[in-house]
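Residue numbers (full-length UniProt numbering): 1 to 456.
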């Protein structure tokens, strides 16, 4: 059983007997920090090992010029379940800033503007054509019940697991809406192709849309949350975990080989992406091997700090620009910092390349990537090169997990086959949906499983 609310002292007592060793969480992204924070709140002795020099992973923020660059995740949503609770717990709820809903979809010489806060603009802005409306309306009506499902746990979406995503979207919403909105959204938000996913991805996007959530950020950037969580935990940075070995006898500790020597712990939560988890986990079970086989999109982001904020009419006044994957542009999306947090100074454009282009650029030097980013945006912002005062490149070999056919079923099988009192638990984003709240859910799930099922 997994606890939905706070863990009781009695449950925590299963792990906190006299002389008990620490729990080690590997990875200080939002999943690992959520797991560690929940375990520590239950009274457990927890240490977090992170290979980088700070917390956050793909939820981290850096100063750039007079503004901020989000190095991975660009915004949060009121449709999330776990992260809003964390913000309240660490005292950051008053730092929430609503992000502009204005969006521009670009497809070569054509573009459409809409505002996610004003549903009629999908039609008035030209995105949804008259001939697309009957199919789109039928799709929204037929999928309305999806909005009642949890948006952070992939398992309840198993009924869509066997349907190919592009085919399901076309059958549900028509080819017009799929081509003009869903394809650019999947490209711009996840750096993926809809055809590479199951119907779980467009199904969850439809559920989000039906709830009409609002996007938001935090004053100081999204990294304010991961920094606040880490400040309350026992963190150790610049430690690379090379091997995690289960005990051969019940009750013996888990052994870890790290770049700073051997470690032992009563239990270990591995909260990294699939590739490092695969490298470090000795003798994975078939169920573990299956979830770790998840593939990811690749992403290169470039922050371009400008001398002055964009004019109100530049980029259509949009916070986010979504680029059609059918266009000739190498881009997936652009995020405009001043339109995410209008209270902040400075301007940063975060330029995101398409997944396939990112893979090609992964080993290129920063100067080359910067030049390609400026060249790609210049048709939308003439004279951009002369306005850039500073830049930063962020690379993610594993950006976001694909929802391949059967993925939700594979995750369910992992949970079902996890032995009672397992001393090693997985909590990476490959166990969920491709957004930060689902990663946080995976961390919470692993923590609750550990607390409630591990013997004294």
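Ideal Cβ placement from N, Cα and C applies to all residues, glycine included.
Assigned with DSSP and collapsed to three states, residue 230 falls in helix. DSSP places residue 142 inside the alpha helix (DSSP H), whose first and last residues are 133–142. A direct Cα-Cα distance of roughly 12 Å separates residue 237 from residue 57. Counting along the chain, residue 168 sits inside the alpha helix (DSSP H) bounded by residues 165–177. Beyond the five residues adjoining it in sequence on each side, residue 60 comes within less than 6 Å, by CB distance, of 71, 223 in the same chain, given in chain order. With 16 or more neighbouring CB atoms inside 10 Å of its own CB, residue 407 falls in the buried class. The shortest C-alpha to C-alpha distance from residue 319 to any of 342, 254, 302, 307 is the one to 342. With a cutoff of 8 Å on beta-carbon distance, residue 185 and residue 205 are scored as near each other.
A Cβ-Cβ contact shorter than 8 Å links residue 215 with residue 77. Taking each of 281, 129, 109, 154 in turn and checking the Cα distance to residue 328, the smallest one comes out for 109.
DSSP assignment within the segment 362–414 yields the following whole beta strand (DSSP E) runs of 3 residues or more, N-terminal first: 388–401. Of 91, 199, 403, 74, the smallest CA-CA separation from residue 98 is found for 74. When 138, 157, 136 are compared, the shortest CA-CA separation from residue 146 is found for 157. Classified as exposed, residue 131 has fewer than 16 neighbouring CB atoms from the shown chains inside 10 Å of its CB. Residue 339 and residue 100 have their C-alpha atoms spaced approximately 6 Å apart.
Boundaries for residue 196: no alpha helix (DSSP H) harbours it, and the DSSP string shows neither H nor E there.
Here DSSP, grouped into helix, strand and coil, assigns residue 204 to helix.
According to DSSP, residue pairing for residue 78 in a beta bridge does not occur. For residue 320, no alpha helix (DSSP H) encloses it; the enclosing beta strand (DSSP E) starts and ends at 320–323. Bridge partners of residue 296 according to DSSP: 401.
Nearest to residue 349 by C-alpha distance, out of 333, 356, 159, is 333. Residue nearest to residue 377 within the set 400, 256, 420, 353 is 353 (criterion: CA-CA distance).
In the structure shown, residue 149 adopts coil according to DSSP, grouped into three states. With a 10 Å radius around the Cβ and a threshold of 16 neighbouring Cβ atoms, residue 347 comes out buried.
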